[in-house]
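Single-structure report; data block below.
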Amino acid sequence: MEIINFQVRFELNKEVDDDSTFNNEENIYLSTDTGEVIQQPFQFLSSVVNMSILKNTQEYNNGSYLRQFTFRLKESTAQDIKKATLIIDSPVDGSGEPLGEHLEIEVDFSKSKKGCY
């Protein structure tokens, strides 16, 4: 199985409402320079992030926390990929309006030391 794994530390910068929507299946995906787009993290190897977890973090003032997102490659091999972009869409309110900016985190594997990925 070929995978790309991201570990991301984040903090909430806005209040989480009951009307807001966010989850792994709809808001987190991966794009590679080979043209492969993976629509959601591999559920068995990834952390769950959804509104109840975000509300819990806010309620107990846990600050920042680390989450892992693993994407299973289907069309490419890890060796084929030179760049990958983790895309996290902003949560949306009850009207479908974004509550912030979308995040794009690009990793350039071609700049890695030989043998280190």
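The number in my numbering is simply the position in the sequence shown, starting from 1, with 277 added.
Glycine is no exception: its CB is placed at the ideal position from the N, C-alpha and C atoms.
Item, Value
"Whole-Å CB distance - Val369 paired with Leu376, under 8 angstroms assumed", "6 angstroms"
"Rounded straight-line distance, which links the Cα of Asp357 to that of Thr319", "A small correction: the amino acid at residue 319 is Phe; Thr does not occupy that position in the sequence shown. Going from the Cα of Phe319 to the Cα of Asp357 covers about 20 angstroms."
"Neighbourhood of Glu383 by C-beta distance below 7 angstroms, restricted to the same chain and skipping five residues each side", "Lys360, Thr362"
"CB of Leu350 within 9 angstroms of CB of Glu378, strictly", "no"
"Residue environment, Val325, which counts as buried when at least 16 other CB atoms sit within 10 Å", "exposed"
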